[in-house]
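J.:
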Amino acid sequence: MNECPPGPAPEADLRDQMRRALVVVAAMALLVAVPVGAVAQPIELVPGEAVETEIEDAEQEPEIPALELVDELREAPTIEPVDVNGGAGATAADTEAEVRTPQPRTEPRRRARLAAPPPPPPPFVIRTIEVSPSGYLLASEIDAVVSELVGTRIAIADLATVAARFNALYDAQGIALAQALIDRVDPTAGLIVIELLEARIGAVEPNGRLARDEYYRSRIGVAPGDLADNRVIQANLQRFSVTDGIIADARFVPGAERGQTNLVVDFAEPQKYVFTASADTYGNPATGQYRARFGFTDASLTGVLDPLSLTFTISEGSQALGGAYARPINALGTRIFTSLDGERSTTLGATRVLAHSINGEIGVNHAFLTEPQLRILGRASALGFFDESLLAGVRINDQIGGGVQAGVTIVYEQPGFLVTYDQLVRHVIWDDRVFAQTGLDTTYLAGSGTVIVRPVDRVALSVRGGWQAAFGDRAPSAYRTTIASPEIVRGYTTGLSAGDGYYWIRSQVEAELPLGEETDVAVRPFAFADFGQAFDQVAGSPLAQDPLASVGAGVAVQIANWGTGEVFVSKPLVDANGFDADDAVRVDGRVALRF
């Protein structure tokens with residue numbers, strides 16, 4: 004009896020199905036392990052054979068922490084279902100799982116994790132601080148900062164505070180072009196190296212036309228290679244503005260090398276040549292009330308800001324010529340100066356007096372203090388004079404002499420407030436040849452001052468005054484001062500009161516009319532009150548003349564920088580020296596042009 008071949012045992016079928024299931028699970032595990040972005044090849048699963056995979060061009064990725072692997076698994080590629088039972092017509096040999104390649108996924112989160120900075124290094128103890136040499140700071144100042152910092156613990160992130168301690172020393176002294184920098188740090192050794200970067204002058208570039216560059220550089224006071232000390236430069240330019248009357252503006256530009264800066268200085272210079280012409284009613288009626296005056300100034304005769312000025316004044320009965328010259332002699336602005344004035348006059352009355360006078364002076368002036376708020380200037384000079392008068396050919400006055408004088412000027416200035424005072428002492432020895440007296444000596448003390456207050460915009464209150472006292476038996480006529488004049492006490496006939504000694508006060512209030520910012524015209528109405536008195540020196544004592552007092556009002560006009568003028572009406576208040584003030588009213592005026 005033929006036996007039918009036995010069918011597959013149930014245990015074999017079960018083993019075959021389990022094998023197929025394990026193969027599918029292995030394929031899933033392998034697919035999960037493939038890095039994102041790698042190209043997965045289809046895997047052929049054959050029962051009874053080992054599973055082999057080959058991944059081409061897979062990028063190496065860093066290890067992913069376990070918690071992040073969960074996210075990767077959530078995005079695992081899909082797997083086609085596998086019929087573990089074989090299905091209709093399926094065999095173990097042709098059972099196959101198709102693995103589809105996933106789409107590349109973006110990686111912002113992973114890149115952020117990779118870019119995270121490393122943890123900061125731990126703080127360290129400062130054991131040594133090395134500091135480069137300084138041209139500004141004293142060794143004791145540097146040592147004091149170092150001693151405070153050595154032994155302290157500091158974090159790398161706080162190293163800027165070490166440099167800040169040295170920069171505070173610069174700031175306390177007003178040093179602008181210097182800075183402390185951290186040059187090197189060795190936390191292991193506890194070492195900090197500080198570089199004190201202090202700028203030095205690379206070049207000095209003056210921008211001016213009136214003076215030679217060599218003169219400007221000498222007044223700026225720094226040279227290539229010097230420390231760019233802004234304090235020194237500012238002080239030198241402030242002194243320059245006081246002694247030479249020119250405002251300077253300094254700026255720094257980068258130099259050619261590290262640590263260098265070039266200094267550029269712009270000068271607000273006046274015109275080199277200036278011509279002036281003026282006319283006024285301020286003259287003495289004895290020689291002509293109406294005067295004309297012409298002037299010429301060369302602001303820099305030889306290229307060192309050495310001004311030369313010439314003036315010529317003429318009236319109906321007088322002619323006067325004057326000249327002055329000043330020249331700086333050092334980098335501090337100390338100047339020598341000289342002046343010479345001569346006048347010839349003839350009185351206009353029936354009795355004609357011919358007079359000649361010459362006055363000369365040579366001296367030196369120096370600025371002792373040139374702060375913006377306070378300035379002190381001193382001067383000393385030698386002087387000489389000659390004064391002669393003839394009546395009908397007969398000499399009625401003939402004096403000649405010379406002497407010395409010294410003075411100091413103090414200026415105090417604040418916004419809206421100005422005070423000036425000038426004190427002078429003069430001693431002269433002279434001869435009176437009409438009276439055949441020689442070796443006469445006279446000493447003068449004289450002073451003058453000004454106070455200007457601006458309580459509100461466009462309004463100014465001013466008080467000006469002066470005095471002189473003479474000591475000696477007599478005083479020469481060369482230094483008599485006329486106080487009855489439009490320049491001192493207004494309203495009286497010019498020359499009515501003059502003396503060897505005097506005092507006077509002028510008070511005035513003025514307001515500038517608001518004509519608009521676009522106009523170059525300034526109009527200032529003013530009102531004033533004047534008072535003064537003169538004294539003659541007779542037999543060693545002052546002999547008082549009648550006092551003067553007046554009030555009045557007027558208007559002053561200025562057009563840009565080329566034209567000025569004023570007109571005012573004054574009323575004398577008291578009779579003086581034979582002058583009747585009851586019905587007296589005086590009108591005076593002046594106009595001046597500048598070319």
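Under the numbering used here, the first residue of the sequence shown carries the number 4, and numbering increases by one thereafter. A virtual CB, placed ideally from N, CA and C, is assigned to each residue, including glycine.
Within 10 angstroms of its Cβ, does G469 collect 16 or more other Cβ (buried), or is it exposed?
T.: Buried, because 16 or more other Cβ atoms sit within 10 Å of the Cβ of G469.
J.: Look at the alpha carbon of F420 and the alpha carbon of R461, and state the distance between them as a whole number of angstroms.
T.: Straight-line Cα distance between these residues: approximately 13 angstroms.
J.: Check this for me: beta carbons of V411 and I379, under 8 angstroms apart or not?
T.: Going by C-beta atoms, V411 is nearer than 8 angstroms to I379.
J.: Straight-line CA distance for A449 to T373?
T.: Between A449 and T373, the C-alpha separation is close to 24 angstroms.
J.: Which of the three DSSP states is assigned to Q263 in this structure?
T.: Residue state, collapsed to three classes: strand.
J.: So, under 8 angstroms CB-CB, L304 and V207 are touching, yes? Tell me the CB distance rounded to an integer number of Å.
T.: That belief does not hold up - the Cβ atoms of L304 and V207 are roughly 24 angstroms apart, past 8 angstroms.
J.: When DSSP labels each residue in this structure, what does E374 get in the three-state scheme?
T.: The answer is coil: DSSP assigns E374 none of H, G, I, E or B.
J.: Can you tell which of I129, A167, R429 has its C-alpha closest to the C-alpha of S150?
T.: Nearest of I129, A167, R429 to S150, Cα basis: I129.
J.: Since T489 contacts Y285 with CB under 8 angstroms, what's their CB separation in whole angstroms?
T.: One point to set straight first is that residue 489 is Pro, not Thr, in the sequence displayed. P489 to Y285, Cβ: 5 angstroms. Contact.
J.: Any idea what DSSP makes of L464, helix, strand or coil?
T.: Reduced to three states, the DSSP call for L464 is strand.
J.: Let me confirm a value: Y173 is counted as buried when at least 16 other C-beta atoms fall within 10 Å, else exposed. Which label applies?
T.: Buried, because 16 or more other Cβ atoms sit within 10 Å of the Cβ of Y173.
J.: Which of helix, strand or coil does DSSP assign to I399?
T.: Residue state, collapsed to three classes: strand.
J.: Please classify I250 as buried or exposed, where buried requires at least 16 neighbouring CB atoms within 10 angstroms.
T.: So I250 ends up on the exposed side.
J.: Ends of the beta strand (DSSP E) at L499?
T.: No beta strand (DSSP E) contains L499, which DSSP labels as neither H nor E.
J.: When DSSP builds the beta bridges, which residues end up paired with K574?
T.: According to DSSP, K574 bridges with V554.
J.: Is there at least one Cβ from chain C nearer than 8 angstroms to T354's Cβ?
T.: Chain labels in this structure do not include chain C; a single protein chain is all it has.
J.: Look at the alpha carbon of M31 and the alpha carbon of P122, and state the distance between them as a whole number of angstroms.
T.: In this prediction, M31 scores a pLDDT of 46, lower than 50, which makes its location untrustworthy; the coordinate-derived value is nonetheless stated afterwards. Spanning the two alpha carbons is a distance of roughly 39 angstroms.
J.: DSSP three-state label for L546, please.
T.: L546 falls in the strand class under three-state DSSP.
J.: My understanding is that L351 touches E319, with C-beta atoms under 8 angstroms, so please give their C-beta distance in whole angstroms.
T.: With a Cβ gap of about 6 angstroms, L351 and E319 count as contacting.
J.: Taking the C-alpha atoms as reference points, what is the distance between S360 and S500?
T.: Taking the straight line joining both Cα atoms gives about 20 angstroms.
J.: With a 10 Å radius around its C-beta and 16 neighbouring C-beta atoms as the bar for buried, classify F598 as buried or exposed.
T.: Classification for F598: exposed.
J.: Among G543, A595, F538, F299, which one has its Cα closest to the Cα of A559?
T.: Comparing Cα positions, the closest option is A595.
J.: Where does T246 fall in DSSP's three states?
T.: Helix.
J.: Would you mind stating whether A370 and T246 have Cβ atoms separated by less than 8 angstroms?
T.: Result yes, Cβ atoms of A370 and T246 sit closer than 8 angstroms.
J.: Buried or exposed: L70, going by 16 or more other Cβ atoms within 10 Å of its Cβ?
T.: Confidence in L70 is poor, its pLDDT being 33 and thus under 50, which makes the residue's placement too unreliable to answer from.
J.: Is it right to say F297 is buried, meaning 16 or more other beta carbons lie within 10 angstroms of its own, or is it exposed?
T.: So F297 ends up on the exposed side.
J.: Closer than 6 angstroms by C-beta to D435: which residues in its own chain qualify, once you throw out the five before and the five after it? Chain order, please.
T.: Result list for D435: Q402, in chain order.
J.: Whole beta strand (DSSP E) runs in the region 421 to 501 with 3 or more residues, listed along the chain?
T.: 440 to 456, 462 to 474, all fully within the region 421 to 501.
J.: Going along the chain, which residues of its own chain have a beta-carbon closer than 8 angstroms to the beta-carbon of T131, five neighbours each way excluded?
T.: Excluding positions up to five away in sequence, the list reads V153, A192, G193, L194, I195.
J.: Give the straight-line distance between the Cα atoms of Y506 and G494, rounded to the nearest whole angstrom.
T.: Whole-angstrom Cα-Cα distance: 17 angstroms.
J.: Please identify the residue among N287, G205, T496, D161 whose C-alpha is closest to the C-alpha of P263.
T.: For clarity, residue 263 is Gln in the given sequence; the question names Pro instead. Comparing Cα-Cα distances from Q263 to each of N287, G205, T496, D161, the minimum goes to G205.
J.: Tell me, to the nearest whole angstrom, how far the beta carbon of Q548 is from that of A556; I am working on the premise that it is less than 8 angstroms.
T.: Going by Cβ atoms, the distance from Q548 to A556 rounds to 27 angstroms, so no, they are not a contact pair.
J.: Compute the beta-carbon to beta-carbon distance between R477 and T441, rounded to the nearest angstrom, for a pair I have assumed lies under 8 angstroms.
T.: With 8 angstroms as the limit, R477 and T441 do not qualify as a contact, their Cβ atoms being about 13 angstroms apart.
J.: Taking buried to mean at least 16 other C-beta atoms within 10 Å of its own C-beta, is E47 buried or exposed?
T.: At E47, the pLDDT of 42 sits below 50, so the modelled position is not reliable; the number obtained from the coordinates is stated separately. Exposed is the call here.
J.: Would you give the residue range spanned by the alpha helix (DSSP H) that S143 belongs to?
T.: Note, S143: alpha helix (DSSP H), 142 to 152.
J.: Over the uninterrupted alpha helix (DSSP H) stretch that includes E217, give me the two end residues.
T.: Per DSSP, E217 belongs to the alpha helix (DSSP H) from 216 to 223.
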